[in-house]
Amino acid sequence: MCLAVPGRILGIQGEESLWRTGRVDFGGVIKEVSLACVPDAQPGEYVIVHAGVAISRLDQEEASRMLESLRSIDGLSEPGGEGA
Amino acid sequence: MNEVFEMRCPLPFREYPQVLMAHGGGGRLMHTLVERMFGAAFSNPILDRRHDAAVLPASPHRMAFTTDSYVVRPLFFPGGDIGSMAVHGTVNDLAMSGARPQYLSAGFILEEGLPMETLWRVVVSMRCAALQAGVSIVTGDTKVVDAGQGDGLFINTAGIGVIEHGLAIEPGSVAVGDAVLISGDVGRHGMAVMALREGLEFESAIESDSAPVAEPVLGLIRAGIDVHCLRDLTRGGLTATLNEIAEATSMGIRITEEAVPVRGDVSAACEVLGLDVMQVACEGRFVAFVAEADAEQALAILKAHPVSADAVRIGTVELNGGAEVVARGALGWDRVLPMPSGEQLPRIC
Amino acid sequence: MRYVAEYRDPEWARRLAEQIARVVTRPWTLMEVCGGQTHSILRHGIDAMLPAEITLIHGPGCPVCVTPVGLIDAALQIAARPEVLFCSFGDMLRVPGTHGDLLSAKAAGADVRMVYSPLDAVSLAMRHPDRQVVFFGVGFETTAPATALAVVQAAARGLSNFSLLVSHVRVPPAMEALLSMADCRVQGFLAAGHVCTVMGTAEYESIAAKYRVPIVVTGFEPVDLLQGILRCVRQLEGGRHVVENEYPRAVCDSGNEPAQRWMREVFRVVSREWRGMGEIPDSGLGLAQAYARFDAAQRFGMGTEWTPMATECQSGMVLQGQMRPTQCPAFGTRCSPEHPLGATMVSSEGACAAYHRYRRPKVTS
């Protein structure tokens, strides 16, 4: 369920949040999506898009943190950070 | 090919901007259409004789004969149109027997009201594709149906080619251990068309891979490669084609998923719409089955032709329990690729 | 694709699987809630990578699968009306109602259009003022914000030719319903990542505490799934049962507040029937009174009562995790994607379809 894909905002149109849309680049495929649920998202940032609507900004810091912890898995050490 | 696109339609559009029922009626209007549009664009010595049937020269060789119908919507898409697709598709069907394509027929079913300019664009595209593929359109037919019954334009083709080799290029020649080669990256045609689909539109640089593939095939044969089987990919993509061969041969086919070439943007488009790229339609791609010992040389020959420059080996024919198509995934696990059931639909779930 | 490919890295997947094998000391049964997670697990062979002690049960997280037959029948009736332009996600087009599906209705002349977003349906309504445009609103909380936006936009534009057949469902009540069953064997959950992107993680705290089950909010790629399983197993081995977030790049504790605001404006919580599971209280979202005029069921005078037809389909058992698809007598024989008996074989991420599509070869070489 809930096929949602990350993409990078190229540009934003619309003033009021309900009508705010962005052209989002999903690795070479560009689609216009609603940004009504991510009012603080800016061009250059990544958002996660489901059914034509960005449902979240992608937290690039968290992504880096996880990738770092994965790199440190050598079978003996714990992956980084537990807890919600 | 630029001079073709400059070619002005000998039939002035302002006289008849749209196709009328009378254009299929056998009378003066149809005669004018056939003469001044089809006859002018497709002109060749056989067609120019204007017989009801094309009279072809005799040949000492076996002949290959194929037919197909084209009902694609939309009529025009990035990288091609229904006309170029019709020519390429017929040429490729002939090429899959190792035949040198020679002659095509083109039957048009036009919907009343179809803009004449649309028809002209398709006809010019067919002329260009035929020239590129080295074939002549030597006979044809025109019918017009009531508005609302034809989706604009349908094309039926038949094709004849000459088989100048003694090989039996067919599923029956496939043997266990044969290498499975693919002529290029997959999924372009389906995603190029999907990009225009109402309700799903997206921007991309993806163009259809519709193209004639007779040249690399003839290259393999001329080099003495013992080609066991060829099959072009169409609807249902790579998965459907491999399943067809597996079923026809009662043998299994094992592929490595990561070896199947896919362009980044095609892959991305599939991710966004939730589609499996291996089931997406291709138009100018084929798989070849050759003996293991010939695989390397066959690939080198394919790569020397522009339309198959990205040819690569993707797998091997094997005996497995159920003549299945099996894919080794990136994480090292095998899964069966069953024959696709019906048209693959985009999903949000 | 960036932020996708990294999470499919085979080396990291292998190392995580090894860690799971090292940590586990006894059998554990986990459930991944979301059909998309089921799809990914089977497609990438995650289940084959796990040690034998771990059993994965596939949950009811397929909103397409759980849409009641009565609602599909209502959709078919509405779509058949000449003035209607019926819009639906691709997922729903082949799900069987009592007599046929939306795709066969289209073949019979109904104007059925596939859309990628509910907002596309609103655009269609604006482009075709002479038609009644109806959108089939299915999905979990992930999809509800998109539907809510469509309703608010339609209201703002004063559209009188747009309505929706709403069948959104909520995950937490379904999880509780499963956990309340006497024979529930699930000991830990992988919660649906994108549902939590919207709703946050707070709703799961009380479930974890009440039923003493660890709940790890998990993404959809192989690395995410394996990390989620690892964290869940670590909790089980350590006797803990809290909510953890494996997917922080897409999920924060409070979820997406603007999305939740749009949802609160447009929807109210209702009880909903889940196909194969019966009615679950407070498990659905229906249109709030202020937007009742957009309810297609009311506009077209549809009842959605349904008398269950006796059928061989055991999708209910599959959705509850009581049966694996391969254990169903009809699997692969009388029931297949070509002639599905129920929704779990039709939906692209229904468990039965996933098992059929991603099955292991008969003989591995």
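Chains as they are written, first to last, in the numbering used here: chain A, 6 to 89; chain B, 17 to 365; chain C, 4 to 368.
Idealized CB from N, CA, C, for every residue including glycine.
Residue i - DSSP class collapsed to helix/strand/coil
{"i": "Glu260(B)", "result": "helix"}
{"i": "Phe218(B)", "result": "coil"}
{"i": "Asn108(B)", "result": "helix"}
{"i": "Ala265(C)", "result": "Ala is not the amino acid found at residue 265(C); the sequence shown has Trp there. Reduced to three states, the DSSP call for Trp265(C) is helix."}
{"i": "Glu282(C)", "result": "strand"}
{"i": "Ser77(A)", "result": "coil"}
{"i": "Ser357(B)", "result": "coil"}
{"i": "Trp349(B)", "result": "coil"}
{"i": "Asp94(C)", "result": "helix"}
{"i": "Pro117(B)", "result": "strand"}
{"i": "Cys235(C)", "result": "helix"}
{"i": "Val226(C)", "result": "helix"}
{"i": "Ile398(B)", "result": "Residue 398(B) cannot be examined here, being either before or after the span of chain B that is shown, 17 to 365."}
{"i": "Cys338(C)", "result": "strand"}
{"i": "Val229(B)", "result": "coil"}
{"i": "His42(C)", "result": "helix"}
{"i": "Phe305(B)", "result": "strand"}
Start and end residues, beta strand (DSSP E) containing residue i
{"i": "Cys37(C)", "result": "Trp31 to Cys37"}
{"i": "His244(B)", "result": "Val243 to Asp248"}
{"i": "Tyr86(B)", "result": "Arg78 to Tyr86"}
{"i": "Met117(C)", "result": "Val115 to Met117"}
{"i": "Pro90(C)", "result": "Before going on, a small fix: residue 90(C) reads as Cys here, not Pro. First-last of the beta strand (DSSP E) with Cys90(C): Val87 to Ser91."}
{"i": "Pro63(C)", "result": "Ile57 to Gly64"}
{"i": "Arg5(C)", "result": "Run containing Arg5(C): none; DSSP gives neither H nor E here."}
{"i": "Asp30(A)", "result": "Thr26 to Asp30"}
{"i": "Thr155(B)", "result": "Ser152 to Val161"}
{"i": "Ser183(C)", "result": "Where Ser183(C) is concerned, there is no enclosing beta strand (DSSP E), although the alpha helix (DSSP H) it sits in stretches over Val174 to Ser183."}
{"i": "Glu334(B)", "result": "Val328 to Glu334"}
{"i": "Ile62(B)", "result": "Run containing Ile62(B): none; DSSP gives neither H nor E here."}
{"i": "Ile49(C)", "result": "Careful: Ile49(C) lies outside any beta strand (DSSP E), inside the alpha helix (DSSP H) at Ile49 to Met52."}
Contact set between residue i and chain B, taken where Cβ atoms lie within less than 8 Å
{"i": "Val246(C)", "result": "In chain order: nothing, as chain B lies at least about 24 Å away."}
{"i": "Glu240(C)", "result": "By Cβ distance, chain B contributes nothing, its closest Cβ being about 24 Å from Glu240(C), past 8 Å."}
{"i": "Gly39(C)", "result": "Cys365"}
Residue(s) in a DSSP beta bridge with residue i
{"i": "Phe139(C)", "result": "Leu168(C)"}
{"i": "Asn172(B)", "result": "Ser85(B) and Gly123(B)"}
{"i": "Leu193(C)", "result": "Glu35(C) and Val219(C)"}
{"i": "Leu131(B)", "result": "Just to set this straight, residue 131(B) is Pro in the shown sequence, not Leu. Pro131(B) pairs with Gln34(B)."}
{"i": "Phe92(B)", "result": "Asp97(B)"}
{"i": "Asp248(C)", "result": "Inspection of the sequence shows that residue 248(C) is occupied by Asn rather than by Asp. Partner(s): Val220(C)."}
{"i": "Gly353(C)", "result": "None; Gly353(C) has no bridge partner."}
{"i": "Glu37(A)", "result": "Arg28(A)"}
{"i": "Val202(B)", "result": "The partner list for Val202(B) (beta bridge, DSSP) is empty, contrary to what the question assumes."}
{"i": "Trp277(C)", "result": "Gly281(C)"}
{"i": "Phe303(C)", "result": "BP columns for Phe303(C) are empty, so no partner."}
Interface residues of chain B facing residue i [CB-CB closer than 7 Å]
{"i": "Val10(A)", "result": "Glu287 and Val288"}
{"i": "His131(C)", "result": "Within 7 Å Cβ-Cβ: nothing; His131(C) doesn't reach chain B, min ~12 Å."}
{"i": "Gly32(A)", "result": "Gly280, Asp281 and Ala284"}
{"i": "Val11(C)", "result": "Per the sequence shown, the amino acid found at residue 11(C) is Arg instead of Val. In chain order: Ala346."}
Beta-carbon neighbours of residue i, restricted to chain A and to distances below 8 Å
{"i": "Val141(C)", "result": "Correct list: empty, because the minimum Cβ distance to chain A is about 10 Å."}
{"i": "Gly208(B)", "result": "Correcting the residue type first, residue 208(B) is Ala in the shown sequence and not Gly. None at all; the shortest Cβ gap to chain A is about 11 Å."}
{"i": "Arg137(B)", "result": "Those do not exist, as Arg137(B) stays about 27 Å from chain A at its closest Cβ, beyond 8 Å."}
{"i": "Val136(C)", "result": "Under the 8 Å cutoff, chain A gives no residues; its nearest Cβ is about 16 Å from Val136(C)."}
{"i": "Gln156(C)", "result": "Leu23 and Trp24"}
{"i": "Ala221(B)", "result": "Gly33"}
Residue span of the alpha helix (DSSP H) that contains residue i, given as start and end
{"i": "Cys331(C)", "result": "Unbroken run through Cys331(C): none, as it is neither H nor E."}
{"i": "Pro13(C)", "result": "Pro13 to Val26"}
{"i": "Tyr214(C)", "result": "Ala205 to Tyr214"}
{"i": "Ile14(A)", "result": "From DSSP, Ile14(A) is part of no alpha helix (DSSP H) but of the beta strand (DSSP E) over Val10 to Gln18."}
Under 8 Å from the C-beta of residue i: neighbouring residues of chain C
{"i": "Gly345(B)", "result": "Arg46, His47 and Gly48"}
Chain-ordered neighbours of residue i on chain C, where CB pairs are closer than 9 Å
{"i": "Gly90(A)", "result": "With chain A covering 6 to 89 only, the question about residue 90(A) has no answer from this structure."}
{"i": "Pro362(B)", "result": "Phe92, Gly93, Asp94, Met117 and Tyr119"}
heavy atom of the ligand FAD below 7 Å from residue i C-beta
{"i": "Val303(B)", "result": "Inclusion of the ligand FAD in the displayed structure is not the case, the ligand content being empty and no account of it being possible."}
Cross-chain neighbours of residue i in chain C, by beta carbon under 7 Å
{"i": "Ser357(B)", "result": "Pro340 and Glu341"}
> Looking at chain A, which residues of the stretch 272-285 of chain B have a Cβ within less than 7 Å of any of its Cβ atoms?
Replying inline: Gly280, Asp281, Ala284 and Ala285
> If you measure beta-carbon to beta-carbon, which residues of the stretch 56-83 of chain A are closer than 7 Å to chain B?
Replying inline: Ala56
> Of all the residues that make up the stretch 21-54 of chain A, which are near chain B by a beta-carbon distance shorter than 7 Å?
Replying inline: Phe31, Gly32, Gly33, Val34, Ile35 and Lys36
>> Tell me which residues of the stretch 189-219 of chain B have at least one Cβ-Cβ distance to chain A shorter than 7 Å, keeping chain order.
In response: Phe218 and Glu219
> Between the stretch 48-68 of chain C and chain B, which residues of the former have CB atoms less than 8 Å from a CB of the latter, in chain order?
Replying inline: Gly48, Ile49, Ala51, Met52, Cys65, Pro66 and Val67
> Looking at chain A, which residues of the stretch 178-198 of chain C have a Cβ within less than 9 Å of any of its Cβ atoms?
Replying inline: Ala195, Gly196, His197 and Val198
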